[in-house]
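Student: Take 26 as the starting number for the sequence shown in our numbering and just add one per residue.
Have a look at this one.
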Amino acid sequence: KATEAAPQAVPGFWDPRRRPDRPDLSRLTVIRFLTETDYPPFNFTGPDGNPAGFNVDLARSLCDEIKVTCTIQMRRFETLIDALATNRGDAIIASMAVTPQLRAKVDFTDPYYRAPARFVSRRDNVMPEIRPEYLEGKKVGVIAGTSHEAYLKAMFTDAEIHSYPDNDTLRAALRRGEVDFIFGDAISLAFWINGTDSAECCAFSGGPFVESRYFGEGVGIAVRKGNDLLRQSLNWALFRIWEKGRFTDLWLRYFSISPF
């Protein structure tokens, strides 16, 4: 069920006073979207074998708004940038965080949500606030090689950091009590906490961490460098969807527990 504060938790990045100009949409004949295979609830393979999830539904809404034919192809996350560069698709909609490193390779639309980081603990160990000194000597799990791991190593130097290869092993470690906390993407964690896989074991501890140096400037749609027509068309359509309330409807359909 939706929480009382859910409407305020819908990320709105669009300023009603800064309406994007409508580009010449007639020059777009097709948009080939690329997304990732396994990042629920944003993108995943549905029961019928077709792409599903928040990003997939958002892509379809953008195509409706632009009135253009679209295709959506699913690939492994690490292959997406290369597929875009070699013209196997036109736009990546896969919860890709806008960072300086990626800006060197692709152009991004305006952000359509931010992905804060949060701590999760077992329900019998919830802390209302988390500061580095509170976690001295505590075991904290995180996925190896992520910005979340880099942030913990830089900021939570007295915690005992345990790195795991993927979400399943990370979350299982918390359920079994191998770690006191896990740290990661708040949106996928909210989905897990609220779902059946967590068996109601766990809850958020403390509030969101949003340092853009680690967690990006938000999440955008990536297009090839210099493809300004497509980038501007997507920006225009994102604004229109938000203005009409369709973005809020879509967000609340997927996120009844606020990640923020």
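C-beta atoms are modelled at their ideal positions from N, C-alpha and C, and glycine is treated no differently.
1. Whole-angstrom Cβ separation of L80 and S120, contact assumed at under 8 Å?
2. Which class does N112 belong to by DSSP, given the choice of helix, strand or coil?
3. Taking Cβ positions, are P233 and R143 nearer each other than 9 Å?
4. According to DSSP, what are the bridge partners of I207?
5. Is the beta carbon of Y138 less than 9 Å from the beta carbon of I212?
6. What is the residue span of the beta strand (DSSP E) that N68 lies within?
7. Can you find at least 3 beta carbon pairs, one from the region 40-54 and one from the region 258-267, that sit closer than 8 Å?
8. With a 10 Å radius around its C-beta and 16 neighbouring C-beta atoms as the bar for buried, classify R44 as buried or exposed.
9. Confirm, please, whether the CB-CB distance from P76 to T60 is below 9 Å.
10. To the nearest angstrom, report how far apart A175 and A247 are at their CA atoms.
11. Here's the rule I'm using: 16 or more other beta-carbon atoms within 10 Å means buried, otherwise exposed. How should D115 be labelled?
12. Is the beta carbon of I168 sitting closer than 9 Å to the one on S146?
13. Whose CA, out of L254, R278, R265, R249, lies closest to the CA of T111?
14. Between the Cα of Y64 and the Cα atoms of W217, F264, E90, F208, which residue gives the shortest distance?
15. Quick one: is R201 buried, meaning 16 or more other Cβ sit within 10 Å of its Cβ, or exposed?
16. Return the residue from the list R100, T104, V55 that minimises the CA-CA distance to D89.
17. I'd like the span of the beta strand (DSSP E) that includes E61, first residue to last.
18. Are the beta-carbon atoms of L53 and L255 separated by less than 9 Å?
19. For P190 and R42, I'd like the C-alpha separation in whole angstroms.
20. Nearest-angstrom Cα distance between V244 and D135?
21. Here's the rule: buried if 16 or more other CB atoms are within 10 angstroms of the residue's CB, otherwise exposed. What is K163?
22. S120 bridges to which residues according to DSSP?
Tutor: Taking the structure as given:
1. Looking at the sequence provided, one finds Asn at residue 80 rather than Leu. Between N80 and S120 the beta-carbon gap is near 6 Å, inside 8 Å, which marks them as a contact.
2. The three-state secondary structure of N112, taken from DSSP, is coil.
3. yes
4. V145, G166
5. yes
6. 68-70
7. yes
8. Exposed.
9. yes
10. As the crow flies, the alpha-carbon of A175 is around 24 Å from that of A247.
11. buried
12. no
13. R249
14. W217
15. exposed
16. V55
17. 55-61
18. yes
19. 44 Å
20. Using only the alpha carbons, I get a separation of about 8 Å.
21. buried
22. Beta-bridge pairing links S120 to no other residue.
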